[in-house]
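Keeping their order, the protein sequence lines are chains Y and E.
Start counting at 1 in the first sequence, then tack on 225, and there's your number in my numbering.
Start counting at 1 in the second sequence, then tack on 76, and there's your number in my numbering.
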Amino acid sequence: EAGVVQSPRYKIIEKKQPVAFWCNPISGHNTLYWYRQNLGQGPELLIRYENEEAVDDSQLPKDRFSAERLKGVDSTLKIQPAELGDSAVYLCASSLGLATQTQYFGPGTRLLVL
Amino acid sequence: KNEVEQSPQNLTAQEGEFITINCSYSVGISALHWLQQHPGGGIVSLFMLSSGKKKHGRLIATINIQEKHSSLHITASHPRDSAVYICAVYGGATNKLIFGTGTLLAVQP
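The structure is reproduced here in structure tokens:
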């Protein structure tokens with residue numbers, strides 16, 4: 226069974242440019258998470274989806290970040306415009322359901338903003 | 077103060093040593109994860125536990141709910157165990173997954 230797929234694995238952009246990350250969760254997993262992980266820190270939740278509905282986006286910087294999961298399967302996270310401080314690893318995870326289900330993480334997208 | 081604290085932050089061990097990584101948390105939880113993250117790699121869930129003890133190969137995880145403390149033990153450590161080990165809890169008012177900052181383990185041959 227395929228795990229959580231993310232692309233690209235690495236992205237280098239100049240500040241003020243837009244960038245998008247893509248995630249395909251494990252088949253059948255209704256819950257999808259986007260996390261940001263800064264160097265030396267644990268992941269920080271940005272947004273959580275239940276099917277196509279964003280049920281928790283309280284930590285998403287809405288002035289420049291947006292996400293969508295239109296058909297309740299794969300998801301895209303976008304930053305426009307990117308800032309230097311956005312350099313981080315962006316992790317996608319999925320789980321069967323919400324409460325205390327094991328989350329399965331993708332390999333992440335490492336973003337460097339110059 | 078972080079809701080999930082890990083110690084030590086960095087750990088260097090010789091191959092074969094017994095390793096313990098500790099996690100303390102300050103919120104009520106429903107479950108606790110131990111996760112492993114290799115450099116440049118994704119995160120792998122090692123254990124999810126809500127009470128007692130679990131064992132998988134050379135890895136053992138324990139949790140004491142009353143003391144709000146969990147430990148991850150690695151027996152007969154090997155260089156391939158070198159990674160960041162992260163403790164995360166489902167807890168707090170929103171039942172989100174709250175992460176510790178991780179323990180960087182280096183096992184030298």
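We put the beta carbon where it would ideally sit given N, CA and C, even for glycine.
Across the set 84/E, 148/E, 159/E, 142/E, the C-alpha of 148/E shows the shortest separation from the C-alpha of residue 133/E. Ranked by Cα distance from residue 123/E, the options 263/Y, 303/Y, 317/Y, 326/Y are led by 326/Y. Here the segment 157-167 of chain E lies against the segment 98-113 of chain E, with 3 or more beta-carbon pairs under 8 Å apart. Under the DSSP assignment, residue 167/E falls in the beta strand (DSSP E) whose first and last residues are 159-167. Between the segment 89-96 of chain E and the segment 305-316 of chain Y, the count of C-beta pairs closer than 8 Å stays below three; the two stretches do not touch.
Annotation: residue 177/E is outside any beta strand (DSSP E) and is labelled neither H nor E by DSSP. Counting C-beta atoms within 10 angstroms of its own C-beta, residue 184/E has fewer than 16 neighbours from the protein chains shown and is therefore classed as exposed. The three-state reading of DSSP puts residue 310/Y in helix, counting H, G and I together. Within its own chain, the residues whose Cβ lies closer than 6 Å to the Cβ of residue 98/E, once the five positions on either side in sequence are excluded, are 83, 147, listed in chain order.
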